[in-house]
Amino acid sequence: MARLRVGVLISGRGSNLQALIQACGDPAYPAEIALAISNRTEAPGLGFAAAAGIPAAVITQGDRHAFAAEAQARLLDEQVSLVCLAGFMRVLDADFVASWRDRMINIHPSLLPSFRGLHAQRQALTAGVRFAGCTVHFVRPELDSGPIIGQAVVAVHPQDDEQSLTARILAAEHRLYPLVLRLIAEGRVRISGERVEIDSDRVPDISALNPQDGPSELLATKPG
Ligand code: GRF
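Numbered by my numbering, the letters in the sequence shown go through residues 7 to 230 in order.
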């Protein structure tokens with residue numbers, strides 16, 4: 007079966023891009039990265055694309071519409087079917103978001119709908135929550151909003167600072183994003199009334215993939 011062609015948009019470090027590239031390195035994985043796009047020339051994540059021989063585009067237009075037009079052209083050139091935002095730090099043009107509705111996903115370092123926006127981990131520490139985590143969701147025009155596909159939970163430790171909590175969440179992100187992409191590529195994800203249903207006898211538990219990293223689990227559930 008043809009693999010789902012994915013475009014990944016980044017702005018910086020690109021560790022989630024790298025996690026997706028690694029997952030796609032398995033010939034049995036049902037998706038492939040067709041294109042990486044960065045809005046910053048110096049984004050370190052571009053190195054991961056280069057090392058994997060993945061086409062990359064650097065699009066630095068300051069104007070939102072110009073950026074969207076160029077990105078759209080490149081994504082269509084590469085016959086991309088799904089866009090993954092991975093640390094992409096620009097607000098996207100509304101028409102671009104609309105044109106990728108239900109075909110664009112994002113990862114955010116909180117258990118949405120809590121702690122949208124910047125410094126989600128700091129917001130979690132300030133709020134004193136005992137559990138934090140990350141979310142992969144379909145993109146809607148409002149910031150960090152849209153139907154939730156998967157979440158992973160990590161414990162907040164009493165001695166945590168922003169750096170330690172961020173690192174624990176990031177490790178969970180690197181397991182969750184490839185898992186969610188696999189579910190989508192397998193055609194097992196459906197949106198119904200702005201809620202996601204996952205067609206699976208058993209939704210995989212990401213803690214089983216990497217249990218030494220402590221408590222974390224996929225919170226998506228099989229519909230009734
Ligand atoms: C991640 O924490 C992601 O959840 C957030 O931005 C960060 C990107 O990290 N949206 P990286 O560039 O993938 O390393």
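Where a beta carbon is used, it is the ideal one built from N, C-alpha and C, also for glycine.
Since the model is a prediction, treat every value here as computed from it, not as a measurement.
Close beta carbons around residue i, own chain, < 7 Å, minus the five adjacent residues each side
{"i": "arginine 19", "result": "Pro50, Gly51, Gly93"}
{"i": "glutamate 148", "result": "none"}
{"i": "aspartate 166", "result": "Leu131"}
{"i": "alanine 25", "result": "His180, Tyr183, Pro184"}
Residues that residue i bridges to, as DSSP identifies them
{"i": "glutamate 38", "result": "Arg11"}
{"i": "valine 159", "result": "Gly139"}
{"i": "glutamate 168", "result": "DSSP, once it has assigned bridges, lists no residue as partnering glutamate 168."}
{"i": "histidine 114", "result": "Thr141"}
{"i": "cysteine 90", "result": "Val14, Ile111"}
{"i": "glutamate 203", "result": "Arg196"}
{"i": "alanine 75", "result": "Bridge partners of alanine 75: none, in fact."}
{"i": "isoleucine 43", "result": "Leu15, Ala63"}
C-alpha distance - residue i paired with residue j, whole-angstrom precision
{"i": "isoleucine 39", "j": "tyrosine 183", "result": "13 Å"}
{"i": "leucine 215", "j": "arginine 181", "result": "Residue placement at leucine 215 cannot be trusted, given a pLDDT of 48 that sits under 50; the coordinates are not used to answer."}
{"i": "leucine 131", "j": "valine 162", "result": "8 Å"}
{"i": "serine 198", "j": "glutamine 129", "result": "30 Å"}
{"i": "isoleucine 190", "j": "isoleucine 43", "result": "21 Å"}
{"i": "valine 89", "j": "phenylalanine 144", "result": "10 Å"}
{"i": "glutamate 48", "j": "glycine 139", "result": "28 Å"}
{"i": "serine 206", "j": "isoleucine 155", "result": "13 Å"}
{"i": "valine 159", "j": "leucine 187", "result": "18 Å"}
{"i": "arginine 9", "j": "glutamate 168", "result": "38 Å"}
{"i": "leucine 185", "j": "glycine 13", "result": "16 Å"}
{"i": "phenylalanine 102", "j": "tyrosine 35", "result": "28 Å"}
{"i": "arginine 46", "j": "arginine 122", "result": "23 Å"}
{"i": "serine 21", "j": "isoleucine 60", "result": "15 Å"}
{"i": "serine 170", "j": "tryptophan 106", "result": "34 Å"}
Burial state of residue i (16 or more Cβ within 10 Å)
{"i": "leucine 124", "result": "exposed"}
{"i": "proline 33", "result": "exposed"}
{"i": "glutamate 200", "result": "exposed"}
{"i": "proline 153", "result": "buried"}
{"i": "methionine 110", "result": "buried"}
{"i": "phenylalanine 137", "result": "exposed"}
{"i": "glycine 68", "result": "exposed"}
{"i": "leucine 117", "result": "buried"}
{"i": "glycine 31", "result": "exposed"}
{"i": "leucine 82", "result": "exposed"}
{"i": "threonine 66", "result": "exposed"}
{"i": "valine 97", "result": "exposed"}
{"i": "arginine 174", "result": "buried"}
Cutoff 6 Å; reference residue i; Cβ partners in own chain excluding five residues on either side
{"i": "histidine 114", "result": "Thr141, Asp150"}
{"i": "alanine 58", "result": "Ile27"}
{"i": "leucine 91", "result": "Leu15, Asn112"}
{"i": "arginine 146", "result": "Gly152"}
{"i": "alanine 55", "result": "Ala42, Ala62"}
Residue i: CB within 7 Å of a non-hydrogen atom of the ligand HEM
{"i": "histidine 125", "result": "Here the bound small molecules are the ligand GRF; the ligand HEM is not part of this structure."}
Own chain residues within Cβ distance below 8 Å of residue i, not counting five before or after
{"i": "aspartate 108", "result": "Phe144, Ile197"}
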